[in-house]
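Okay, structure first, notes after.
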Amino acid sequence: MSKRIAGVVTLGVAAALALSACGGESGGGDGGGADKAAGGSVTLKLVAADYGDGPTADNSGDKFWKGVVDEFQAANPGIKVDVQVINWNDIDTQVATMVQNGQMPDILQTGDYSGFVKDGLLYKVDEVLSPNTRSDLLEKFAEFGKVDGAAYGIPFVSSARALFYNKDLFTKAGVSEPPKTWDELKAAAEKLKKAGVTQPFGLPLGQEEAQGESFLWFMGNGGGYKDASGQWAIDSAQNVETFAFLKDLHAAGLTTPNPGTKDRKTVWEDFAAGKVGMVNGGPMSMPIFEKGGLTNYGVAPIPGKGGPLDTTLGVEDWIMAFNKNGHQEEIKKFFDFFYASSAAQKISDTYKLLPVTKSGIEKLSGDEKLKPFLDALPNATFYPFTDPKWSEVNTQIKQTIGGAVTGDPAKVLGAIQKVATAG
Amino acid sequence: MQQTSPLTRAARALAPLAWTGPAVVLIAVVVVWPVVEMIKSSFQKISRFGVVQGPNGMANYTKLFEEPDFPGVMARSVIWVVAVVAVTILLSLGLAQLFNQRFPGRRLARWAMIAPWAASVLMTGIIFKWMLDPEVGLLNVVRRDLGLLDALGSTEADQLGQASTAMPWLIAVAVFVSLPFTTYALLAGLSTIPAEVYEAAKTDGASRLRTYWSITLPLLRPALIVATLINVMNVFNNFPIIWVMTHGQPGYSTATSTIFMFILKGSDIGESAAMSVVNFGMVIVLVAIFLKVSKWKNEVS
Chain G
441 MSKRIAGVVT LGVAAALALS ACGGESGGGD GGGADKAAGG SVTLKLVAAD YGDGPTADNS
501 GDKFWKGVVD EFQAANPGIK VDVQVINWND IDTQVATMVQ NGQMPDILQT GDYSGFVKDG
561 LLYKVDEVLS PNTRSDLLEK FAEFGKVDGA AYGIPFVSSA RALFYNKDLF TKAGVSEPPK
621 TWDELKAAAE KLKKAGVTQP FGLPLGQEEA QGESFLWFMG NGGGYKDASG QWAIDSAQNV
681 ETFAFLKDLH AAGLTTPNPG TKDRKTVWED FAAGKVGMVN GGPMSMPIFE KGGLTNYGVA
741 PIPGKGGPLD TTLGVEDWIM AFNKNGHQEE IKKFFDFFYA SSAAQKISDT YKLLPVTKSG
801 IEKLSGDEKL KPFLDALPNA TFYPFTDPKW SEVNTQIKQT IGGAVTGDPA KVLGAIQKVA
861 TAG
Chain Y
992 MQQTSPLTRA ARALAPLAWT GPAVVLIAVV VVWPVVEMIK SSFQKISRFG VVQGPNGMAN
1052 YTKLFEEPDF PGVMARSVIW VVAVVAVTIL LSLGLAQLFN QRFPGRRLAR WAMIAPWAAS
1112 VLMTGIIFKW MLDPEVGLLN VVRRDLGLLD ALGSTEADQL GQASTAMPWL IAVAVFVSLP
1172 FTTYALLAGL STIPAEVYEA AKTDGASRLR TYWSITLPLL RPALIVATLI NVMNVFNNFP
1232 IIWVMTHGQP GYSTATSTIF MFILKGSDIG ESAAMSVVNF GMVIVLVAIF LKVSKWKNEV
1292 S
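Top line first, the protein sequences correspond to chains G and Y.
All residue numbers for the first sequence refer to our numbering, where the first residue is 441 and numbers rise by one.
All residue numbers for the second sequence refer to our numbering, where the first residue is 992 and numbers rise by one.
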């Protein structure tokens, strides 16, 4: 079963950092030392991204964190935690503002940590996480928390992806089972087209998440953003061939029109509305599909050129500790508490995200729907986001890679490769 | 007469400061300071979270000018400004003329004209994007019902998906949101033209076209210049319409310099600042050219 899951994990959104500016300055000073000397309570400032639907929603990040913090404070009377939850769209800029103003939080939970490392703002993981907790983290995920051999980012949650298909449309088109190879995918798409489906395969290569969709397709042909030796290989022969296939698919009218301008959200909504036959998605897209009225869908591994993917695109979000306020001991207590508590399961239940610890996977293994994703997680593949060039490359991919479906794949991918290898 | 003390004289000399001071401070803080900061940033190396890592010389500018998409983006920005402003002014001249006539329901029509102005530009962009959605967009449904479109969800239904059809729509929406202000500015200009000059023209037997060309337009010139100037700056810096409707995609083919600047911000803040400076320079150059061509000094001042 594990071979069948392809996942790609992308947690929601891009993310970087967030901080919010309120409060906290008064307790600051020289940080931990002074606070401890006074024997009084220490206030940790925690800034987190909102995985829910906003501050008033039942699943709001505020409510989730309040639950965690209340429990923690009850167990640790000397430590108070101030939580500020910021939505994904704003968290990057707000955190950047906090950093620029020197009002760092103690703990930040968001989509990326690497940018802070260079500026020397973070504690190393072994300074704030006990050995027990460290060994519980999935190795492949923890590995990506390292910059130049030293770990700074602590995996927070993960996600995975697979192929979703509309069972009603498949029946209508006479396709009996989900495709495993590109040829089967094309054949199925042709049948769907004949049956009147406007977008047989939903292909969002627009600004929102082109880097994820492209990566899934690259993996299906043994390609990727980097080669085995860690060098950028965006215009590799496999990748060019991959886009030649997609170009062919698009030219035959079997995909979303003009994929290079379509966001994932739009295509998922079209899938939910029954306009799309197949689309790549993850646990996080299930609520969107169901909200849109589509319940009769199936989940299958993502087709590759010769067979289904044996890896999953791992996407993880991070939690990290800032060193400016010097609350090392308190942060450590909080992290150890968090990873030992039921919080991971609560995140998974509430937000359809996956855990990053062995014990977390254990706890969820009873869920049949999630099992394929969980099985695939330990063998995940990741974006090369620890490479300092990644943010620039990512921006370029998001903006231009869709052009490879209408233009010359080698030229478009070559231009991105040039950005990756410049300077 | 008693001599005024030096103190009183000094106070009197400084009195105007109390009136101009706040404005000067406001301009310094709100306009000059950010401009200085922007120019400074464009010469610095800045991490992607905004931490300054040191001076960067001209590197940000070199990198910007070497971007393969830079020339296209700049050319498109100029076309965008010229097209949107020209169409807006032409339509507004007609609309202002119309609204200057007496006709039943004029008050209502004038009110209706305000609507695109009152709505947020962002909302207008989103609404147009919806109407143009290839699967469910109202305009596409109408086109299909009229037999102009074979199928929803097709490439032809996706007009925002290609630069050749997306650009005209973007321009149309920009014109739509610029019309109210421009029309009202011109309407105000029209109402300042005294009726006697028209009567005189009539007495001299001038044709309608001749009257419009030789009397209305010249007398409307101050209003026309102000309206054009403000539009040039607004349209050049317009961000929401394009961002909401196309993100500048496919590729950068519908991106103007403002959009390009925002995209660059995601990868290199220093380069983005350099783009801002270039943008700022462009606006000044465009405005200078326009003022020169329109010989505004003779007219406005």
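Don't be surprised by glycine CBs; every beta carbon is placed ideally from N, CA and C.
Just to confirm the assignment, what range does the beta strand (DSSP E) spanning residue i have?
{"i": "Gln549 of chain G", "result": "Ile547 to Thr550"}
{"i": "Ala850 of chain G", "result": "First-last for Ala850 of chain G: Pro849 to Thr861, but that is the alpha helix (DSSP H), not the beta strand (DSSP E)."}
{"i": "Gln1153 of chain Y", "result": "Run containing Gln1153 of chain Y: none; DSSP gives neither H nor E here."}
{"i": "Ala761 of chain G", "result": "Thr752 to Ala761"}
{"i": "Ile526 of chain G", "result": "Ile519 to Ile526"}
{"i": "Val1076 of chain Y", "result": "No beta strand (DSSP E) holds Val1076 of chain Y; the alpha helix (DSSP H) holding it covers Phe1061 to Asn1091."}
{"i": "Thr821 of chain G", "result": "Ala820 to Phe822"}
{"i": "Ile1037 of chain Y", "result": "Gln1035 to Ile1037"}
Give a yes or no on whether 8 Å exceeds the smallest Cβ distance from residue i to chain G.
{"i": "Glu1028 of chain Y", "result": "no"}
{"i": "Glu1190 of chain Y", "result": "no"}
{"i": "Val1291 of chain Y", "result": "The pLDDT assigned to Val1291 of chain Y is 49, lower than 50, so where the model puts this residue is not dependable, and the model offers no usable value."}
{"i": "Ile1254 of chain Y", "result": "yes"}
Which residues in chain Y sit within 7 Å of residue i, going by Cβ to Cβ distance?
{"i": "Asn698 of chain G", "result": "Thr1146, Asp1149, Gly1152, Gln1153 and Pro1241"}
{"i": "Asp710 of chain G", "result": "Glu1126"}
{"i": "Gly593 of chain G", "result": "None at all; the shortest Cβ gap to chain Y is about 14 Å."}
Determine the chain G residues that contact residue i at a beta-carbon separation under 7 Å, and present them in chain order.
{"i": "Pro1125 of chain Y", "result": "Pro697"}
Does chain Y have any CB closer than 8 Å to the CB of residue i?
{"i": "Lys631 of chain G", "result": "no"}
{"i": "Val487 of chain G", "result": "no"}
{"i": "Asp546 of chain G", "result": "no"}
{"i": "Asp757 of chain G", "result": "no"}
{"i": "Ala855 of chain G", "result": "yes"}
{"i": "Gly843 of chain G", "result": "yes"}
{"i": "Gly662 of chain G", "result": "no"}
{"i": "Gly646 of chain G", "result": "yes"}
{"i": "Ser466 of chain G", "result": "Since pLDDT at Ser466 of chain G reaches only 37, below the 50 mark, its modelled position is unreliable, and the value read off the structure follows with that caveat. No, its Cβ sits nowhere closer than 8 Å to a Cβ of chain Y."}
From what residue to what residue does the alpha helix (DSSP H) around residue i run?
{"i": "Asp1136 of chain Y", "result": "Leu1129 to Asp1136"}
{"i": "Gln768 of chain G", "result": "Gln768 to Ala780"}
{"i": "Leu483 of chain G", "result": "Checking the displayed sequence, the identity of residue 483 of chain G turns out to be Thr instead of Leu. Element bounds for Thr483 of chain G: not the alpha helix (DSSP H) but the beta strand (DSSP E), Val482 to Ala489."}
{"i": "Gln1044 of chain Y", "result": "Counting along the chain, Gln1044 of chain Y falls outside any alpha helix (DSSP H), though it belongs to the beta strand (DSSP E) covering Val1043 to Pro1046."}
{"i": "Gln639 of chain G", "result": "Counting along the chain, Gln639 of chain G falls outside any alpha helix (DSSP H), though it belongs to the beta strand (DSSP E) covering Gln639 to Gly642."}
{"i": "Thr496 of chain G", "result": "No alpha helix (DSSP H) holds Thr496 of chain G; DSSP gives it neither H nor E."}
{"i": "His690 of chain G", "result": "Ala677 to Ala691"}
{"i": "Ala1142 of chain Y", "result": "Run containing Ala1142 of chain Y: none; DSSP gives neither H nor E here."}
{"i": "Glu802 of chain G", "result": "Lys798 to Leu804"}
{"i": "Ile728 of chain G", "result": "Met726 to Lys731"}
{"i": "Ala514 of chain G", "result": "Gly501 to Ala515"}
Just the chain Y side, please: which residues come within less than 9 Å of residue i by C-beta, in chain order?
{"i": "Glu649 of chain G", "result": "Neighbours of Glu649 of chain G on chain Y: none; closest Cβ ~12 Å, over 9 Å."}
{"i": "Gln840 of chain G", "result": "A small correction: the amino acid at residue 840 of chain G is Thr; Gln does not occupy that position in the sequence shown. Within chain Y, the residues near Thr840 of chain G are Asp1060, Gln1240, Pro1241, Gly1242 and Tyr1243."}
{"i": "Asp559 of chain G", "result": "Ser1038, Phe1040, Val1042 and Gln1044"}
{"i": "Lys764 of chain G", "result": "Those do not exist, as Lys764 of chain G stays about 13 Å from chain Y at its closest Cβ, beyond 9 Å."}
Under the DSSP definition of a beta bridge, which residues are partnered with residue i?
{"i": "Ser599 of chain G", "result": "G:Val755"}
{"i": "Phe604 of chain G", "result": "G:Val719 and G:Val739"}
{"i": "Val587 of chain G", "result": "G:Ala590"}
{"i": "Gly744 of chain G", "result": "G:Thr621"}
{"i": "Thr1194 of chain Y", "result": "BP columns for Thr1194 of chain Y are empty, so no partner."}
If the cut is a Cβ gap below 9 Å, which residues of chain G does residue i touch?
{"i": "Ala1142 of chain Y", "result": "Gly636 and Thr638"}
{"i": "Asp1259 of chain Y", "result": "Ser831, Glu832 and Thr835"}
Which residue from the options puts its Cα closest to that of residue i?
{"i": "Leu814 of chain G", "options": "G:Ile531, G:Thr696, G:Ser599 and G:Val482", "result": "G:Ser599"}
{"i": "Lys1036 of chain Y", "options": "Y:Tyr1189, Y:Asn1051 and Y:Val1064", "result": "Y:Asn1051"}
{"i": "Phe1090 of chain Y", "options": "Y:Ala1100, Y:Arg1000 and Y:Leu1008", "result": "Y:Ala1100"}
{"i": "Phe1230 of chain Y", "options": "Y:Met1158, Y:Met1273 and Y:Thr1249", "result": "Y:Thr1249"}
{"i": "Ile1030 of chain Y", "options": "Y:Ser1068, Y:Val1268 and Y:Gly1242", "result": "Y:Val1268"}
{"i": "Gln1240 of chain Y", "options": "G:Pro699, G:Gly642 and G:Val680", "result": "G:Pro699"}
{"i": "Val755 of chain G", "options": "G:Pro723, G:Asp530, G:Ile519 and G:Ile771", "result": "G:Pro723"}
{"i": "Ala1142 of chain Y", "options": "G:Val637, G:Glu630 and G:Val597", "result": "G:Val637"}
{"i": "Ala1103 of chain Y", "options": "Y:Leu1086, Y:Ile1117 and Y:Gly1116", "result": "Y:Leu1086"}
{"i": "Val833 of chain G", "options": "G:Asn720, G:Phe777 and G:Val852", "result": "G:Val852"}
{"i": "Ile1232 of chain Y", "options": "Y:Thr1202, Y:Ile1117 and Y:Gly1152", "result": "Y:Ile1117"}
Taking Cβ-Cβ distances shorter than 8 Å, what residues in chain G pair up with residue i?
{"i": "Thr1237 of chain Y", "result": "Thr701"}
For the ligand FAD, I want to know if residue i counts as a neighbour, meaning its beta carbon is within less than 7 Å of at least one of the ligand's heavy atoms.
{"i": "Met1252 of chain Y", "result": "Of the ligands one can find in the structure shown there are none, so the ligand FAD has no counterpart to examine."}
List, in order along the chain, the chain Y residues whose C-beta lies closer than 8 Å to that of residue i?
{"i": "Lys715 of chain G", "result": "Glu1126 and Gly1144"}
Under 8 Å, Cβ to Cβ, is there at least one residue of chain C near residue i?
{"i": "Gln1035 of chain Y", "result": "Although the question refers to chain C, the structure presented lacks it and instead comprises the protein chains G and Y."}
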